[in-house]
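Presented below is the structure to which this report refers.
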Amino acid sequence: MAKSVENRALKKGAWSPEEDKKLIAYIKRYGIWNWAEMAKPAGLQRSGKSCRLRWVNYLRPGIKHGNFTKEEEETIIDLHEKLGNRSFHVQVVSSSGQIMVELNRWSVIASKLPGRTDNEIKNHWHAHLSKRLKYDLNSLPDMSDAEIDQYSSFETNPPPTIVPNALISESSAATSTNSLPSSSSNPKQ
DNA sequence: AAGTCATACAACCGCCGGAAT
DNA sequence: TATTCCGGCGGTTGTATGACT
Numbered sequence: 001m002a003k004s005v006e007n008r009a010l011k012k013g014a015w016s017p018e019e020d021k022k023l024i025a026y027i028k029r030y031g032i033w034n035w036a037e038m039a040k041p042a043g044l045q046r047s048g049k050s051c052r053l054r055w056v057n058y059l060r061p062g063i064k065h066g067n068f069t070k071e072e073e074e075t076i077i078d079l080h081e082k083l084g085n086r087s088f089h090v091q092v093v094s095s096s097g098q099i100m101v102e103l104n105r106w107s108v109i110a111s112k113l114p115g116r117t118d119n120e121i122k123n124h125w126h127a128h129l130s131k132r133l134k135y136d137l138n139s140l141p142d143m144s145d146a147e148i149d150q151y152s153s154f155e156t157n158p159p160p161t162i163v164p165n166a167l168i169s170e171s172s173a174a175t176s177t178n179s180l181p182s183s184s185s186n187p188k189q
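Dropping the structure here:
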């Protein structure tokens, strides 16, 4: 199939207020139907991916900007610890039966923080929280490699991962707010 | 005041999975 | 069944801004 979008002369970099207005106006009028095709009639020389990212992360209604609260940071750290793997699956009960839905780490965390986007959480994690955890680990008492080997059982007892088959309702899956296994199911707790 | 460095944030790239054909 | 496209994600990069010397 031929590429449906002309990739030449696509604009990159920061979005201007005019571009934002164009995208918002187009989506208000026609809705989201195909990111790759929408940019051109919207008057934007942007890739579909760029438009989608801009909308999802900044222009979409309800997006919260600004500093993360302590509670939000704790939520991120807690969930990041639980969702160590890239993704997991949940079973969703729909009228047509059970279907499996894949949820990804950052989007799961974002679903727990209304108004926050996965990209914003990811950036905040890399910029702040990962470093903070790193420093916390560095503040642990000194142990030699031999001591670490002696007391660790990583080979036979790897860190726990999420048990994927949490049974959730369709309505809760839509917001993903109740789609995580409870913390009590995590052996680390 | 100017230059340098560190930090924060916006955006891009590459990849993958699902849907459509 | 195979192929192609689109949406979405994680990781990474680029740039603006502030702090420091």
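Under my numbering, the first residue of the first sequence carries the number 1, and numbering increases by one thereafter. Note that beta-carbon positions come from the ideal geometry of N, C-alpha and C, so glycine has one too.
| Check | Outcome |
| --- | --- |
| Status (buried if at least 16 other CB within 10 Å, exposed otherwise) for Tyr26 | buried |
| The region 50-66 / the region 115-124 touching (three or more Cβ pairs under 8 Å) | yes |
| Straight-line Cα distance separating Phe68 from Asn123 | 12 Å |
| For Glu72 and Gly115, the rounded distance between their alpha carbons | 11 Å |
| N- and C-terminal bounds of the alpha helix (DSSP H) containing Val56 | Careful: Val56 lies outside any alpha helix (DSSP H) and carries neither H nor E. |
| Burial state of Glu18, where buried means 16 or more other Cβ atoms lie within 10 Å | exposed |
| Classification of Ser87 by the beta-carbon crowding that lies within 10 angstroms, buried from 16 upward | Residue confidence for Ser87 is low, a pLDDT of 44 falling below 50, so the modelled location carries little weight; the figure read from the coordinates is stated next. Classification for Ser87: exposed. |
| Nearest candidate by alpha-carbon position, reference Pro61, set Asp78, Met38, Asp20 and Trp106 | Asp20 |
| Buried versus exposed, by CB contacts within 10 Å (16 or more), Ser111 | buried |
| Unbroken alpha helix (DSSP H) run spanning Ile121, endpoints | Asp118 to His124 |
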